[in-house]
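**Q**
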Amino acid sequence: MRLNLTLHFERPFLIPYNYPRYLYSFLIHAISLADEEVAARVHNNRRDIKFVASKLLPVGEVKRTRGGLLVESGTVRLYVGSVEGTILSTLVEGLGYGGALHVKGQKLLHFEARLEKTPNHLSGKHFRTLSPVSVYHNSPPNGFRMWDLSPVGQPNSPFENEPEVWKRLVFENLRSKYMMVYGESYKGDFEIEVFPGSLKSKMFRIKRYDKTGKYTKVRAWDFEFRMWGEERLLRVAYDLGIGMRNAHGFGMIEVM
Numbered sequence: 030m031r032l033n034l035t036l037h038f039e040r041p042f043l044i045p046y047n048y049p050r051y052l053y054s055f056l057i058h059a060i061s062l063a064d065e066e067v068a069a070r071v072h073n074n075r076r077d078i079k080f081v082a083s084k085l086l087p088v089g090e091v092k093r094t095r096g097g098l099l100v101e102s103g104t105v106r107l108y109v110g111s112v113e114g115t116i117l118s119t120l121v122e123g124l125g126y127g128g129a130l131h132v133k134g135q136k137l138l139h140f141e142a143r144l145e146k147t148p149n150h151l152s153g154k155h156f157r158t159l160s161p162v163s164v165y166h167n168s169p170p171n172g173f174r175m176w177d178l179s180p181v182g183q184p185n186s187p188f189e190n191e192p193e194v195w196k197r198l199v200f201e202n203l204r205s206k207y208m209m210v211y212g213e214s215y216k217g218d219f220e221i222e223v224f225p226g227s228l229k230s231k232m233f234r235i236k237r238y239d240k241t242g243k244y245t246k247v248r249a250w251d252f253e254f255r256m257w258g259e260e261r262l263l264r265v266a267y268d269l270g271i272g273m274r275n276a277h278g279f280g281m282i283e284v285m
């Protein structure tokens with residue numbers, strides 16, 4: 030299931046190009062205002078059910094500036110999905126505190142929320158991303174500490190077949206989420222086909238280290254695709270996202 034949120038901020042509202050860390054901070058703060066224990070579990074426990082968030086989607090006229098997208102109406106849409114109703118209900122309760130919440134200093138004034146159910150039939154459908162997909166390898170063969178993988182490969186890739194590594198890691202990540210949700214291993218098949226002509230990539234800075242002042246940089250991809258598998262697995266993908274870093278605004282999908 031997912032929340033369809035309409036957020037009204039002070040006008041005009043700037044959506045930062047590097048939105049993930051501001052968005053994650055906003056959502057965790059909202060949850061903590063309603064229940065600090067739920068927020069701590071989501072934030073601190075890596076092996077637990079979390080949520081997936083879309084990008085901040087502007088409503089009305091938009092002007093591109095050096096710092097981001099300036100939304101004249103001050104209104105944006107945001108989707109947040111999870112299989113755990115407690116997380117979503119706690120988020121809605123926390124959003125009710127309004128003025129205590131902000132995105133990069135821009136105060137939330139009020140909001141509307143609508144709960145949407147997960148579709149029953151997903152296998153073979155045409156999907157698109159609502160937030161870019163982040164998939165990384167922690168020990169690439171070129172000696173780097175981390176490598177952001179592309180679903181169609183990159184000219185300077187250290188992998189012989191980067192798209193196959195990308196697919197394998199997406200599947201492994203989904204099986205891990207499946208285990209957390211259902212308490213059992215997934216035994217079925219999974220296939221995903223990315224449409225190369227729809228691919229767009231972007232680099233983000235998601236975390237700043239206090240000691241060095243340097244940022245963790247992430248390259249992620251938006252695209253259209255189809256996927257096949259058992260419906261229970263695909264509902265996990267729909268509710269919790271594909272790829273990694275989902276709670277920071279990566280990997281949310283929708284049926285076209």
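According to our numbering, the stretch in the sequence shown is residues 30 to 285, in order. Glycine is no exception: its CB is placed at the ideal position from the N, C-alpha and C atoms.
I'd like the span of the beta strand (DSSP E) that includes T158, first residue to last.
**A** Start and end: H155 to T158.
**Q** By a C-beta neighbour count over all protein chains shown, 10 Å radius and 16 as the cutoff for buried, is S179 buried or exposed?
**A** It is buried - the Cβ of S179 has at least 16 other Cβ atoms within 10 Å.
**Q** To the nearest angstrom, how far is the alpha carbon of H139 from that of N185?
**A** Taking the straight line joining both Cα atoms gives about 46 Å.
**Q** Would S111 and I60 qualify as a contact pair, given that the criterion is a beta-carbon distance under 8 Å?
**A** No, the Cβ-Cβ distance between S111 and I60 is not below 8 Å.
**Q** Taking 8 Å as the cut-off, decide whether the C-beta atoms of G103 and R40 are in contact.
**A** In this structure, R40 lies closer than 8 Å to G103 by Cβ.
**Q** Between which two residues does the beta strand (DSSP E) containing T119 stretch?
**A** Note, T119: premise wrong, no beta strand (DSSP E); alpha helix (DSSP H) at G114 to L124.
**Q** On the DSSP bridge list, what partners appear for V284?
**A** DSSP, once it has assigned bridges, lists F156 as partnering V284.
**Q** Measuring straight from C-alpha to C-alpha, what distance separates G258 and K136?
**A** Those two C-alpha atoms are separated by around 42 Å.
**Q** Skipping 5 residues on each side, what residues in its chain have a beta carbon closer than 6 Å to that of R204?
**A** Contacts found: Y215.
**Q** Since P45 sits in a beta bridge, which residues does DSSP pair it with?
**A** Its beta-bridge partners are G97.
**Q** Determine the closest residue to N275 out of L43, R75, G123 and H37, with distance taken between C-alpha atoms.
**A** Cα-wise, what sits closest to N275 is R75.
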